[in-house]
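See structure below.
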Amino acid sequence: MPSNMKTAGVALALILIGIGGFFLYLDKAFPEVRCEAAHLAAPEGYEDCLSCHVKVTAQVTQDWQESKHGVMLVKCVVCHGEPDGKGSIPFAAHPDQNMICSRCHDPAMQRMTAKFGGGLDCGTCHPRHQTPMHADAYQKTAASGKTSF
Amino acid sequence: MPEKKNTYRRAVIAAVALALFCGVSYALLSATSTMSFCSSACHEMEEQAAELRFSSHARDKDGGDISCVRCHIPAGFGPRYMAVKTYSGLKDLYMHLFRGGAPLLRADMQKTARRFIDDGNCRLCHDDLYRDARGEQAITALGRIAHDAYLGKNGQASSKCVGCHINLAHLPEFDRRLEVNRLFAERMQNNEEAHDAE
Chain A
0 MPSNMKTAGV
10 ALALILIGIG
20 GFFLYLDKAF
30 PEVRCEAAHL
40 AAPEGYEDCL
50 SCHVKVTAQV
60 TQDWQESKHG
70 VMLVKCVVCH
80 GEPDGKGSIP
90 FAAHPDQNMI
100 CSRCHDPAMQ
110 RMTAKFGGGL
120 DCGTCHPRHQ
130 TPMHADAYQK
140 TAASGKTSF
Chain B
0 MPEKKNTYRR
10 AVIAAVALAL
20 FCGVSYALLS
30 ATSTMSFCSS
40 ACHEMEEQAA
50 ELRFSSHARD
60 KDGGDISCVR
70 CHIPAGFGPR
80 YMAVKTYSGL
90 KDLYMHLFRG
100 GAPLLRADMQ
110 KTARRFIDDG
120 NCRLCHDDLY
130 RDARGEQAIT
140 ALGRIAHDAY
150 LGKNGQASSK
160 CVGCHINLAH
170 LPEFDRRLEV
180 NRLFAERMQN
190 NEEAHDAE
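Residue numbers (numbering that gives the first Met the number 0), protein chains in the order written: chain A, 0 to 148; chain B, 0 to 197.
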């Protein structure tokens with residue numbers, strides 16, 4: 000092999016190693032997603048989902064907090080499972096609704112299925128985090144029209 | 000003897016080249032780290048620079064203006080500085096050349112920006128985490144609990160400073176509704192109203 004080709008090969012290898020090393024360092028020194036890292040790195044730290052998610056998914060957290068699920072303190076893990084995969088609920092950002100909702104709402108779901116037939120996802124009509132206490136559906140059951148929110 | 004002279008000459012040339020390289024690098028690094036470079040040279044960060052003026056981080060504890068790099072690039076000339084400077088510089092160049100003029104997706108930008116905010120930069124001013132930057136006022140009880148966790152005294156926190164302290168210097172439209180940003184949002188609102196009235 001001619002020596003200039005050898006030099007070029009070495010130079011190319013060094014450049015590639017340099018670029019690879021740069022991104023490796025960047026990834027290690029500045030982790031891309033800190034909260035996901037928290038899920039994996041600190042098993043005792045992720046019990047409190049809300050402390051992180053109130054910042055990283057503020058809208059979802061607020062919707063939950065204002066919803067009936069939030070007011071009744073149906074916590075994240077009840078539907079989303081735990082990050083370490085323990086417990087009977089699989090850890091998922093988008094849980095299987097037929098399986099999750101029926102754990103509490105089975106009687107109502109059976110009535111709805113009998114009345115309207117099945118087939119739809121629960122969330123099509125009942126957005127999980129977005130059924131606020133002050134929504135129309137809730138106000139129908141209010142005692143009088145005088146109460147204004 | 001001629002060989003020795005040659006080595007000597009080479010060493011001098013190498014030293015001069017190194018000094019020149021360092022000098023030019025320093026000049027370029029400094030020139031591309033100025034406020035005006037970020038906010039007006041390519042016009043991308045004008046909005047962010049405008050927001051900064053109404054934030055709690057417009058001025059530092061000594062009353063001096065805070066520029067972009069004071070927070071966005073790690074302090075000093077160490078590997079952390081070089082890594083972030085290189086990465087964000089190339090990213091900004093790419094965005095300017097190939098995505099110039101397109102509206103900036105601020106929710107996506109927040110992720111990248113927060114990733115590279117170095118805690119060391121915050122601590123240059125916020126040395127005592129139990130008092131404000133000027134050291135005059137003690138922080139709230141809730142703040143003490145949180146900072147205990149940050150310092151590892153009580154539990155552990157893997158989130159960095161900006162993991163909790165969001166919208167310190169910039170406030171996109173969609174974050175104005177948050178209670179923690181009320182004062183910042185009011186200041187910006189007042190400015191916009193004053194601007195409209197003119």
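Note that CB positions come from ideal geometry on N, CA and C, so glycine has one too.
CB contact below 8 Å: residue i versus chain A
i, result
"F115 of chain B", "yes"
"Y149 of chain B", "no"
"Y93 of chain B", "no"
"Y129 of chain B", "no"
"Y25 of chain B", "no"
"Y7 of chain B", "no"
"A18 of chain B", "no"
Candidates the options, of which the one nearest residue i by Cα
i, options, result
"G19 of chain A", "B:A82, B:M108, B:S87, B:I165", "B:A82"
"A34 of chain B", "B:I138, B:F183, B:S66, B:Y25", "Looking at the sequence provided, one finds Met at residue 34 of chain B rather than Ala. Nearest of B:I138, B:F183, B:S66, B:Y25 to M34 of chain B, Cα basis: B:S66."
"D127 of chain B", "B:A106, B:Y149, B:A112, B:K110", "B:Y149"
"K159 of chain B", "B:A145, B:S39, B:E178, B:L170", "B:A145"
"N180 of chain B", "B:S54, B:Y80, B:D107", "B:S54"
"L182 of chain B", "B:L170, B:M94, B:P102", "B:L170"
"C51 of chain A", "B:I165, B:K152, B:G22, B:F97", "B:I165"
"S32 of chain B", "B:P102, B:S87, B:Q109", "B:S87"
"C41 of chain B", "B:V23, B:F97, B:A137, B:L167", "B:F97"
"Q58 of chain A", "B:E178, B:D131, B:N190", "B:E178"
"R133 of chain B", "B:R79, B:D61, B:L103, B:D174", "B:D61"
"D47 of chain A", "A:E65, A:S101, A:F22, A:E81", "A:E81"
"A107 of chain A", "A:P1, A:H125, A:P30", "A:H125"
"D26 of chain A", "B:A140, B:C124, B:R79, B:L104", "B:R79"
"H128 of chain A", "A:H68, A:F115, A:F90, A:K114", "A:H68"
Counted within 10 angstroms of its Cβ, other Cβ atoms place residue i as buried (16 or more) or exposed
i, result
"K85 of chain A", "exposed"
"E35 of chain A", "Low confidence applies here, because E35 of chain A scores a pLDDT of 48, under 50, leaving its location unreliable; read the following figure in that light. Classification for E35 of chain A: exposed."
"R176 of chain B", "exposed"
"E50 of chain B", "buried"
"N97 of chain A", "exposed"
"D117 of chain B", "buried"
"A30 of chain B", "exposed"
"K84 of chain B", "buried"
"C5 of chain B", "Position check: residue 5 of chain B holds Asn in this sequence, whereas Cys was assumed. It counts as exposed."
"A10 of chain B", "exposed"
"C37 of chain B", "buried"
"M71 of chain A", "exposed"
"V161 of chain B", "buried"
"M187 of chain B", "buried"
"Q109 of chain A", "exposed"
"N120 of chain B", "buried"
"A196 of chain B", "exposed"
The ligand ATP heavy atom lying under 7 Å from the CB of residue i
i, result
"S39 of chain B", "Absent from the structure shown: the ligand ATP. Ligands present: none."
Proximity test, Cβ basis, 8 Å: residue i and chain B
i, result
"A92 of chain A", "no"
"A107 of chain A", "no"
"A113 of chain A", "no"
"H128 of chain A", "no"
Subject >> Proximal residues, the stretch 168 to 180 of chain B versus chain A, C-beta separation under 9 Å >> reply: F173, D174, R176, L177
**OP:** Output, in sequence order along the chain, the residues in the stretch 69 to 84 of chain B whose CB is closer than 8 Å to any CB in chain A.
**Re:** P78, R79, A82, V83
**OP:** Jot down the residue ranges of each uninterrupted alpha helix (DSSP H) in the stretch 96 to 163 of chain B, minimum 4 residues, whole runs only, in chain order.
**Re:** 105 to 114, 118 to 124, 140 to 149, 160 to 163
Original post:
Going along the stretch 4 to 32 of chain A in order, which residues come within less than 9 Å of chain B, judged by CB to CB distance?
Top reply: F21, F22, Y24, L25, A28, F29, P30, E31, V32
Original post:
At which residue ranges does the stretch 26 to 72 of chain B contain complete alpha helix (DSSP H) runs of 4 or more residues, listed in the order of the chain?
Top reply: 45 to 51, 67 to 71
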